[in-house]
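Colleague: Questions regarding the structure given below will be posed in turn.
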Amino acid sequence: MQLIIQQLERIQQNAKRKRKGWQEQKEGQESRSRGETRARLQGRGSGVWSGSSYARLLCFTCNGRIEAFCFDGVKRMCTIRGSLKNRVWINNGDIVLLGLRDFASDDKADVILKYYDEEAKELKELGEIPEHVKINEGEFDLDGEDGDFGGEDGKEEEELDIDNI
Numbered sequence: 001m002q003l004i005i006q007q008l009e010r011i012q013q014n015a016k017r018k019r020k021g022w023q024e025q026k027e028g029q030e031s032r033s034r035g036e037t038r039a040r041l042q043g044r045g046s047g048v049w050s051g052s053s054y055a056r057l058l059c060f061t062c063n064g065r066i067e068a069f070c071f072d073g074v075k076r077m078c079t080i081r082g083s084l085k086n087r088v089w090i091n092n093g094d095i096v097l098l099g100l101r102d103f104a105s106d107d108k109a110d111v112i113l114k115y116y117d118e119e120a121k122e123l124k125e126l127g128e129i130p131e132h133v134k135i136n137e138g139e140f141d142l143d144g145e146d147g148d149f150g151g152e153d154g155k156e157e158e159e160l161d162i163d164n165i
């Protein structure tokens, strides 16, 4: 009899462990959003070591490859590592940590980690990222030029009257 009671207690403990941290799913809520928390910067290994660099994404090319502008002034072609593909959404203008390659040319790297906006702001406050970097803006202009779409030479086009044609 005691053996059965011990087995039931183990089953209940295992069930509690499986449920730990998970909330009850509400109707219409996706299952992947339950209990999901973002890791804070302290647990994600802040700081650049030799062979790595912070960068801002410029554009996607193809096949999990991106162009990134490193804060050391070099534009690099990067590949997204397998554990980040289809798990972490990376957009243009995001701050990432790159692993520089020792065995290849200087213009190639691998994306190790994506920093969320809150984490990027913390890195900026710590002085890891330069002060001039704008955070929380999806698109940016590397040259600092404003996108002028008013027409050629900045002049607006005149409206055409259809009746006079």
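Residue numbering for the sequence shown follows full-length UniProt numbering, starting at 1 and increasing by one per position. Heads up, the beta-carbon is just placed ideally off N, CA and C, and yes, glycines get one too. Being a predicted model, the structure only gives us computed values, none of them experimental.
Check Gln2 in the structure and name its three-state DSSP category.
Modeller: The residue you call residue 2 lines up with position 2 of the sequence shown. Of the three classes helix, strand and coil, the one that applies to Gln2 here is helix, per DSSP.
Colleague: Answer with buried or exposed for Arg10, where buried requires no fewer than 16 other C-beta atoms within 10 angstroms of its C-beta.
Modeller: By 1-based counting over the sequence shown, the position of residue 10 is 10. Exposed, by the Cβ-count rule.
Colleague: With DSSP as the reference, label Gly138 as helix, strand or coil.
Modeller: The count along the sequence shown starts at 1 and reaches residue 138 at position 138. With a pLDDT of 47 at Gly138, under the threshold of 50, the predicted position of this residue should be treated as unreliable, and no value is reported.
Colleague: Nearer than 7 Å: is that true of the beta carbon of Ala120 relative to any heavy atom of the ligand COA?
Modeller: No copy of the ligand COA occurs in the structure displayed, which carries no ligand at all.
Colleague: Determine the DSSP secondary structure at Phe71, reduced to helix, strand or coil.
Modeller: Sequence index remark: in the sequence shown, residue 71 carries index 71 (1-based). Reduced to three states, the DSSP call for Phe71 is coil.
Colleague: Alpha carbons only, please: which of Gly64, Asp94 and Arg76 is nearest the one belonging to Ser83?
Modeller: Within the sequence shown, the letter at position 83 stands for residue 83. Among Gly64, Asp94 and Arg76, the Cα nearest to that of Ser83 is on Gly64.
Colleague: In terms of alpha-carbon separation, which member of Arg87, Thr61, Ile90 and Lys114 lies closest to Leu98?
Modeller: Along the sequence shown, one-based indexing puts residue 98 at 98. Of the candidates Arg87, Thr61, Ile90 and Lys114, the one whose C-alpha sits nearest the C-alpha of Leu98 is Lys114.
Colleague: Which two residues bound the contiguous alpha helix (DSSP H) that contains Ala120?
Modeller: If you number the sequence shown from 1, residue 120 lands on position 120. Unbroken alpha helix (DSSP H) run through Ala120: Asp117 to Leu126.
Colleague: According to DSSP, simplified to helix, strand and coil, what is Asn164?
Modeller: Working through the sequence shown from its first residue, we reach residue 164 at position 164. Correct three-state label for Asn164: helix.
Colleague: State whether the stretch 60–74 contacts the stretch 112–127, with contact taken as three or more CB pairs (one from each stretch) at a distance under 8 Å.
Modeller: They do not touch, by the three-pair rule.
Colleague: With a CB to CB cut of under 8 Å and the five nearest residues on each side skipped, what residues in its chain are close to Asp72?
Modeller: Residue 72 sits at position 72 when you count from the first residue of the sequence shown. Closer than 8 Å at the Cβ level, and outside the excluded window around Asp72, lie Ser53.
Colleague: What is the C-beta distance between Val111 and Arg81, in whole angstroms, given that I count them as a contact (C-beta under 8 Å)?
Modeller: Your numbering for residue 111 matches position 111 in the sequence shown. Your numbering for residue 81 matches position 81 in the sequence shown. Indeed they touch by this definition, with Cβ atoms about 6 Å apart.
Colleague: Does DSSP put Leu113 in a helix, a strand or coil?
Modeller: Taking the first residue of the sequence shown as 1, we reach residue 113 at position 113. In this structure, Leu113 counts as strand in the three-state DSSP scheme.
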